[in-house]
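One line per chain: the protein sequences are A and B, in this order. What the first sequence shows, in the working numbering, is residues 2 to 222, in sequence order. What the second sequence shows, in the working numbering, is residues 2 to 222, in sequence order.
Protein chains: 2
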Amino acid sequence: MQLSQSEENYIKAIYALSEETGKEISTNDLAEKMATKASSVTDMLKKLTDKDLLKYKKYQGCTLTKNGREIALAIVRKHRLWEVFLVEKLQFGWDEVHAIAEQLEHIQSNQLTNKLEAFLGFPKVDPHGDPIPNINGEFDPSPKRVLLSKCEKGNKGIVMGVEDGEPSFLQYLNKIGFKLGLNIKVEDRLSFDGSLIIEMDGKTLQFSHLVASKIAIQLID
Amino acid sequence: MQLSQSEENYIKAIYALSEETGKEISTNDLAEKMATKASSVTDMLKKLTDKDLLKYKKYQGCTLTKNGREIALAIVRKHRLWEVFLVEKLQFGWDEVHAIAEQLEHIQSNQLTNKLEAFLGFPKVDPHGDPIPNINGEFDPSPKRVLLSKCEKGNKGIVMGVEDGEPSFLQYLNKIGFKLGLNIKVEDRLSFDGSLIIEMDGKTLQFSHLVASKIAIQLID
DNA sequence: TTTAAAATTTAGATATGTCTAAAAAATAAT
DNA sequence: ATTATTTTTTAGACATATCTAAATTTTAAA
Ligand SMILES: [Mn+2]
Ligand SMILES: [Mn+2]
Ligand SMILES: [Mn+2]
Ligand SMILES: [Mn+2]
């Protein structure tokens, strides 16, 4: 089935919200995510329901069907593979690739996706640490990840992922030398604002709760 | 100025027809090229005229403005660079890349185009021998090319280009071992149907006039 | 040079995707 | 249990890109 770019973006957004919440997605939440109006969302939900990509009951929100989830995973796969290409092969910074990948993820050619994956050496994660679904939409089993914002004083770990999509946030991380794979330790946690004092690469840094909530780590010992 | 995919395709088609004929492009010719109706073309010509991408007088056809030509060249540049990428890096056949490049040529990011060009080593021609405009829309001076269909008995040359866009034609060339760079010689020319007897790589082949008109060679001695 | 044919444009319709404003339903507050 | 608020849907409009059928202009023929 041939989907428009707009339809694909809705599917992807619903998938992303479902991953976060696990529940049904409300019209308003989706409208906010898509930076559009609730009425536009309602129209689109009807259309996607007719195409059997989601289940939708008036006033009750929506969830993806198996079909819809498969399409979402295919788009996510393309997005992340292209991000790897842009960083690994074209020397883009991790803060520059999301917007371009938003376009490239809509290119239609399974052969292209699969050959690109092979060319890149079957990467398992994208430049922001997000896992890349394989040709069947499956993720590799990956180590358990925790948001830095949920960590306690004394916790140690390895940086596994950061939220992509906001260049200024990623540029800030560049500036302080923050990279995937680094060892970090929570030196202290200020309970009144949730900010953290971090030790990383010999440096001491302070992260606001907001910043810490966009960083995922794997806890060690 | 942000153009729709459809607008870009019109600009590109007008450019291609202009290269062929050198004259103004008629509504009907453009309709045929775009596989659409003349009325749709008229609507689009008005829109593109308003955007100063072409000059158009009712019933008199159209030509690109400087502005329009620059945009056309930027799209052609992207198309051909992506074709090189697909063949050189992803191991696609030259018969498989045109349709995918038709999509990729619309990706908007000058930085991407320029980094891709560098990654590919600043290629001067695409897999079908078509020249690739540089960042300023300029072509390298290239040796004079002649259509094989215009050659006489006894002419010798090197294969420089083939018409892309028709997979079955390119697959036929694959089958007979025809490649860019080969030396060929016109053994004979049948005047009544314009077909040619060719010697290439030790083999003797017969090309119809139609096939010969889709092959360009550089004449030698 | 008047008529016939071909090419082109206009008029009116359809489909997609979006919007604002108003109506309806669900949820929260009294 | 009513009333008020929030959420969601519907109604009606607009922009893009396309189509068919009819009108107009240009070109070719008689
Ligand atoms: Mn991204
Ligand atoms: Mn990413
Ligand atoms: Mn091509
Ligand atoms: Mn080509």
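Idealized CB from N, CA, C, for every residue including glycine.
Item, Value
"Please report whether the beta-carbon of A/PHE120 lies at a distance below 8 Å from any beta-carbon of chain B.", "yes"
"Less than 8 Å between the C-beta atoms of A/GLY130 and A/ALA217, yes or no?", "yes"
"Output the boundary residues of the beta strand (DSSP E) element that contains B/GLY158.", "157-163"
"Near A/ILE1, which residues of its chain fall below 7 Å by C-beta distance, leaving aside the five closest residues on each side in sequence?", "Look at the range of chain A in this structure, 2 to 222, and you will see that residue 1 of chain A is not part of it."
"DSSP three-state call for A/ASP189: helix, strand or coil?", "strand"
"Enumerate in chain order the residues of its own chain whose CB-to-CB distance from A/VAL88 is below 7 Å, with the five nearest sequence positions on each side excluded.", "TRP95, VAL98, PRO128"
"Would DSSP call B/LEU121 helix, strand or coil?", "coil"
"Can you name, in chain order, every residue of its own chain whose Cβ lies under 8 Å from the Cβ of A/MET2, other than the five neighbours on each side?", "LYS52"
"For ligand 3, is there any heavy atom lying closer than 7 Å to the beta carbon of B/GLY166?", "yes"
"In whole angstroms, what separates the C-alpha of B/SER7 from that of A/LYS215?", "38 Å"
"So does the stretch 104-112 of chain B actually touch the stretch 180-199 of chain B, counting three or more Cβ pairs closer than 8 Å?", "no"
"Find out if the Cβ-Cβ distance for the pair A/THR114, A/LEU91 is shorter than 8 Å.", "no"
"Between which two residues does the beta strand (DSSP E) containing B/ALA217 stretch?", "216-220"
"Going by C-alpha to C-alpha distance, which of B/PRO142, B/LYS59, B/CYS63 sits closest to B/LEU31?", "B/CYS63"
"How many angstroms separate the CA atom of A/ILE101 from the CA atom of B/LEU197?", "48 Å"
"Tell me, please, which residues DSSP counts as bridged to B/THR1.", "Outside the shown range of chain B (2 to 222) lies residue 1 of chain B, about which nothing can therefore be said."
"Return the Cβ separation of A/GLY166 and A/VAL187 in integer angstroms, given the expectation that the two are a contact with Cβ distance under 8 Å.", "So it is not a contact: roughly 25 Å between Cβ atoms."
"For my contact list, A/ILE133 and A/LYS125 are in at a C-beta cut-off of 8 Å; report their separation, rounded to the angstrom.", "6 Å"
"Taking the alpha carbon of A/MET35 as the reference point, which residue from A/ILE185, A/ILE12, A/LYS47, A/GLU25 has its own alpha carbon closest?", "A/ILE12"
"Judging by CA-CA distance, which residue of B/TYR173, B/LYS180, B/GLU200, B/LEU181 is the nearest neighbour of B/ASP189?", "B/GLU200"
"So does B/ALA102 have its beta carbon nearer than 7 Å to some heavy atom of ligand 5?", "This structure lacks ligand 5; its bound ligands are ligand 1, ligand 2, ligand 3 and ligand 4."
"Going by DSSP, what residue range makes up the alpha helix (DSSP H) through B/THR22?", "6-22"
"When Cβ atoms are compared, which residues of the stretch 105-119 of chain B fall closer than 9 Å to chain A?", "LEU105, HIS107, ILE108, GLN109, SER110, GLN112, LEU113, LYS116, LEU117, ALA119"
"Compile a chain-ordered list of the residues in the stretch 73-93 of chain A whose CB is closer than 9 Å to at least one CB of chain B.", "LEU87, LYS90, LEU91, GLN92, PHE93"
"Does the separation of the CB atoms of A/ALA75 and A/SER150 fall below 8 Å?", "no"
"Would A/ILE133 pass as an interface residue toward chain B - the criterion being a Cβ-Cβ separation below 8 Å?", "no"
"Grouping DSSP H, G and I as helix and E and B as strand, with all else coil, what is A/TYR57?", "strand"
"Measuring from the CB of B/GLU9, is there a heavy atom of ligand 1 at a distance below 7 Å?", "no"
"For a test of your reading of the model: does the CB of B/HIS129 fall under 7 Å from any non-hydrogen atom of ligand 4? Yes or no.", "yes"
"Examine chain B for any beta-carbon lying closer than 8 Å to the beta-carbon of A/ILE101, and answer yes or no.", "yes"
"Find out if the Cβ-Cβ distance for the pair B/THR66, B/LYS59 is shorter than 8 Å.", "no"
"According to DSSP, is A/GLN3 helix, strand or coil?", "coil"
"Can you name the start and end residues of the beta strand (DSSP E) that A/GLN207 belongs to?", "204-208"
"Compute the Euclidean distance between the alpha carbons of A/ILE221 and A/ASN184, then round it to the nearest angstrom.", "9 Å"
"Would you call A/GLY23 buried or exposed, if buried means 16 or more other Cβ atoms sit within 10 Å of its Cβ?", "exposed"
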